[in-house]
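Note that the protein sequences, when read in sequence, are chains A and B. Sequential numbering from 57 applies to the first sequence in our numbering. Sequential numbering from 15 applies to the second sequence in our numbering. This report concerns only the one structure given below.
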Amino acid sequence: MAAPEAGTIGQAGRRLGAAVRKLGAVAFFLMAMLRALPYAMRRPALVWRQVHNAGVLSLVIIMTSGFFVGMVIGLQGYDAFSRLRQEDLLGAGAALTLLKELGPVVTALLFAGRAGTALTAEIGLMRATDQLSAMEVMAVDPMGRIAVPRFLGGVISVPLLTAVFSSIGILGAYFVGVQLMGVDNGAFWSQMQEYVESEDVWEGVLKSAVFGVAASLVAVFEGYTSERTAEGVGLATTRTVVITSVLVLILDYMITAFLL
Amino acid sequence: MIAVDGLRYATGTGRVIFDGLSLTVPRGGVTAIMGPSGTGKTTLLRMITGQIRPAAGRLLVDGEDVAALDRAGLYALRRRMGMLFQNSALLTDYSVFENVAFPLREHTRLPEPLVRTVVLTKLHAVGLRGAAALMPAELSGGMARRVALARAMVLDPELLLYDEPFAGLDPISMGMVLRLIRANNDVLGVTSVVVSHDVEQINTIADYCYVVSGGRVIGAGTPAELQDSASPLIRQFMSGEADGPVPFHYPARDYQEELFDGGA
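Right under this line is the structure:
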């Protein structure tokens, strides 16, 4: 077997080194945010403003997406269950799919695309225009004033948005399954009650909480450490979407494997 | 007020910015730091405010070693400083009023009527009391600089740092900023450090000037003394000649050779 070229090994080593350094930087960033937590906790208005920005302003896209994802589950679920002559299970199937998997995952991906990119771009531009430096010189910690409220806003918003997504998704599945395809209304809800356990709901809550922390951390970190140029802010915004998407899918598998 | 001794600093890429820089800024005067672009004038201001730490040497502000201060000490020192950023650095999601009120709200417990009075007084001083409700995006560059100056002055600091305060200003805004810098010094006794390469403007307001190049001070004196300097480098800088000891051309291969080698 031919030995790999030294350049290839060197390049792989450099990339690995860069990845390890970035992980270290994220850990330091997280510690700095923890240190700045009391500042933000004393100013709850800053956090609620970010819950509004990240959460309330994402409601339309979350509700629309949730309804259409639910309708698709209604169609596909009806098709699959009808082959087994088990159409009555559609409600349970849709609820389990949405609560345990699609709700947390799709909400986190949508959050990264709408709120995460906005957070990164906003913080990156503040950095590029010296607003963060100005705060430092004014003896105000930008970590407490800017990073922590945005991080907490995301952490609080994602589980709530997930709950909205899953609820609307179930309504979408109900609309298609019961109203369009003729599944029995009582069977739809009773089978859901029969098969959906509280552990299933908590699994979704746990995932959404973990995804909320991951997505918010990535968005705030990328903005805070972006290059002070237009291109740097653009690249950081792209990285937010890419890293969050991959991270959410990896974390989803790990949590699922751990809980099952 | 500020004493810099043997300061050394290099960027992450290894480019040497300061190589034994030493200077002193007396209390209550207007001191100008001049030099060609890229000589680290802004870096020096960031070191005075403790945002960057030197690799070696000491930088004392009012007797305190900035690099040795802990976080609380540094923040306490910064509350006694104000800085005017080159790009104004106004907080874009706050109005002009809220930008100027920001340091007051963060560091004092003044009642709202008093905050309003102080902010309007500072805005009046820069001629922008009428613009209090505007957002930063609605301001011209000169107006933004004046709002940033009002914000820098709002806590009545002992030390005001100006980073290229004249860059990109129209003549009216320029005259106003010049007058404000001088007035802050004459009326309030503020110590001012003005970083600029605008020789003409510096000559009108500075009590003392340092010319920095190659990581160290190459000339110091009053503006008049620098104008009469025998040093070719200082003469080139003060008279704005394109070529001289600081070459017009960035180091490159021979011109003819590069043009006719066919890109090889």
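Note that the Cβ used here is the ideal one computed from N, Cα and C, for glycine as well. Note that the structure is predicted; figures quoted are calculated from it, not measured.
Between residue i and chain B, is the shortest Cβ-Cβ distance under 8 Å, so that the two count as touching?
i               : result
E192 of chain A : yes
T312 of chain A : no
Q106 of chain A : no
M57 of chain A  : No answer about M57 of chain A holds up, because its pLDDT of 49 lies below 50 and its placement is not dependable.
Per DSSP, which residues does residue i bridge with? Please list them.
i               : result
M97 of chain B  : B:L175
L37 of chain B  : B:V18
R230 of chain B : B:S227
R72 of chain B  : B:D19
V30 of chain B  : B:A24
G235 of chain B : B:C223
D242 of chain B : In DSSP, D242 of chain B forms no bridge with anything.
D79 of chain B  : B:L74
Ends of the beta strand (DSSP E) at residue i?
i               : result
M48 of chain B  : 44-48
A296 of chain B : Residue 296 of chain B lies beyond the residue range present for chain B, which begins at 15 and ends at 278; the question has no answer from this structure.
V196 of chain A : Run containing V196 of chain A: none; DSSP gives neither H nor E here.
V207 of chain B : 205-209
Beta-carbon of residue i versus every beta-carbon of chain A: anything under 8 Å?
i               : result
M48 of chain B  : no
T205 of chain B : no
F180 of chain B : no
M61 of chain B  : no
M97 of chain B  : yes
R29 of chain B  : no
R93 of chain B  : yes
Q215 of chain B : no
Q65 of chain B  : yes
T25 of chain B  : no
May I ask which residues mark the beginning and end of the alpha helix (DSSP H) holding residue i?
i               : result
V213 of chain B : 213-219
I212 of chain A : 204-230
T57 of chain B  : 55-62
E157 of chain A : It is not in any alpha helix (DSSP H) - E157 of chain A carries neither H nor E in the DSSP assignment.
A174 of chain A : 173-184
E255 of chain B : Neither: E255 of chain B is in no alpha helix (DSSP H) and is coded neither H nor E.
G238 of chain A : No alpha helix (DSSP H) holds G238 of chain A; DSSP gives it neither H nor E.
L273 of chain B : 269-274
Q132 of chain A : 115-139
Q106 of chain A : 100-110
P265 of chain B : Neither: P265 of chain B is in no alpha helix (DSSP H) and is coded neither H nor E.
A150 of chain A : 146-152
V201 of chain B : 185-202
G87 of chain B  : 85-92
Which runs of the alpha helix (DSSP H), 4 residues or longer, sit entirely within the region 245-296 of chain A?
If we require 4 residues or more, the alpha helix (DSSP H) runs fully inside the region 245-296 of chain A come out as 254-280.
Report the residues of the region 164-175 of chain A with a CB closer than 8 Å to any CB of chain B, ordered along the chain.
Cβ contacts with chain B come from no residue of the region 164-175 of chain A.
Using a Cβ-Cβ cut-off of less than 9 Å, give me the residues of the region 102-128 of chain B that come near chain A, in sequence order.
Within the region 102-128 of chain B, those residues whose Cβ lies closer than 9 Å to any Cβ of chain A are, in chain order, S102, A103, L104, L105, T106, D107, F116, P117, E120, H121.
For the region 177-203 of chain A, list every residue whose C-beta sits within 7 Å of some C-beta in chain B, in sequence order.
Against chain B - using a Cβ distance shorter than 7 Å - the residues of the region 177-203 of chain A are T185, D186, Q187, S189, A190, E192, V193, M194, A195, V196.
The region 73-91 of chain B: which residues have C-beta closer than 9 Å to a C-beta of chain C, in chain order?
In the structure shown, chain C does not exist; the protein chains are A and B.
Only counting runs of 3 or more residues, tell me where the beta strand (DSSP E) segments fall wholly within the region 116-182 of chain B, in order along the chain.
Secondary structure remark: continuous beta strand (DSSP E) runs of at least 3 residues inside the region 116-182 of chain B, in chain order: 173-177.
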